[in-house]
Amino acid sequence: MQQLDGEARCRRPDVSVPQLAVVADDPRRWRTVATTAAQAADGAVDGARATHGYFGSEFCEHLFPTRAALRRAVAAAERDDLTLVLLTPVANDALIERIEAVADELPRHAEIVVNDWGVARRLRAADPDRILIAGRQLSKTIKDPRLTSPAWLAPFASGYANEAFHRLLRRLGIARLELDVPPFATAAAFDVGDFAVSAWVPYGYAAKGRICKIGSTGQARAAKFSPGGRCRRECRRVREVDAAPPASAARAVTQLGNTLLYRHGEAESAAVRAGIAAGRITRIVVTED
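Adding 7 to a residue's 1-based position in the sequence shown gives its number in our numbering.
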């Protein structure tokens, strides 16, 4: 494979119609998600075929897939003619070692989403040609679902407006950026220079931590709401939905494990459509509803 320098690897692709990616906990559900993905993509993609399958976890080290699960995902991606995209979270030393080990077993065209600078550095040092993507946790943007007007975004619109940040990404050979759609966003939210942009719909993440709320329900009282407890993957089966958000909340929210999510409103959907029309969004990533 021809080695690319950082600038060439980061150059935004010429895509007139955005790629369509699907995310599922179980790769066997990629096909199911794909059948409704075009309609679920905030009305921005019409009739497109899914091109990428996302697998893994952005937010929890306990959910990083085993080697066996990853082999099944590789097989499913080949079966469904999808490019595999491995999601990785913030990682401790042990998990960094696991991520680096499984990366060597991925197909050469597979992509890896990194949310940890140490993971990005180790993967790039190990393989100059590996396709790396900057995950949503590396994007420092105000995304509070309680926002009631766009004025709240003005103090800190986006960390990607910083050219020094761009230089760091280029040194790491980052291929593209994964972005949420902030409340009251416009197409300008996706203006990140020459980097390719993936926009996630119909949910954005507002915050995450090390405390798994639903995972605490089965713990002894002294162990509730503290990190380090045994993970039974409760978040794969149960989520907390704020069916009747308070009047002060601008967006409906969902608690999924250790992560708080918000669902897009019409303003966010319009921003995605405008971002595509402006040529700034080149991939739509659709999560299961």
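Just so it is clear, CB atoms sit at the ideal spot from N, CA and C, and this is done for glycine as well. Small disclaimer: the values here were computed from a predicted structure and weren't measured.
Helix, strand or coil at residue i according to DSSP, with G and I counted as helix
i: Ala41; result: helix
i: Asp198; result: coil
i: Ile140; result: strand
i: His59; result: strand
i: Arg183; result: strand
i: Val92; result: strand
i: Ile149; result: coil
i: Val279; result: helix
i: Ala171; result: helix
i: Ala285; result: coil
i: Arg237; result: coil
i: Glu112; result: coil
i: Ala82; result: helix
i: Glu104; result: helix
i: Ser156; result: coil
i: Pro190; result: coil
i: Cys219; result: coil
i: Asp296; result: coil
i: Pro162; result: helix
Identified DSSP bridge partners for residue i
i: Leu267; result: Ala214 and Gln262
i: Ser205; result: Glu185 and Arg290
i: Leu27; result: Ile291
i: Ile119; result: Leu93 and Leu139
i: Glu247; result: Gln262
Test item: CB-CB of residue i and residue j under 7 Å
i: Ala84; j: Leu91; result: yes
i: Cys238; j: Gly264; result: no
i: Arg129; j: Ile103; result: yes
i: Ile138; j: Glu118; result: yes
i: Ala110; j: Tyr61; result: no
i: Arg280; j: Asp198; result: no
i: Ile218; j: Phe232; result: yes
i: Arg131; j: Leu179; result: yes
i: Val208; j: Ala44; result: no
i: Arg258; j: Pro152; result: yes
i: Leu160; j: Tyr210; result: no
i: Thr289; j: Pro25; result: yes
i: Ala196; j: Glu275; result: no
i: Phe66; j: Thr266; result: yes
i: Ile140; j: Val126; result: no
Expected contact under 8 Å - CB spacing of residue i and residue j to nearest Å
i: Val120; j: Leu93; result: 7 Å
i: Lys150; j: Pro189; result: 5 Å
i: Phe202; j: Leu175; result: Wrong, their Cβ atoms sit about 12 Å apart, outside the cutoff.
i: Ala75; j: Pro34; result: No, Ala75 and Pro34 are not in contact; Cβ-Cβ is about 12 Å, not under 8 Å.
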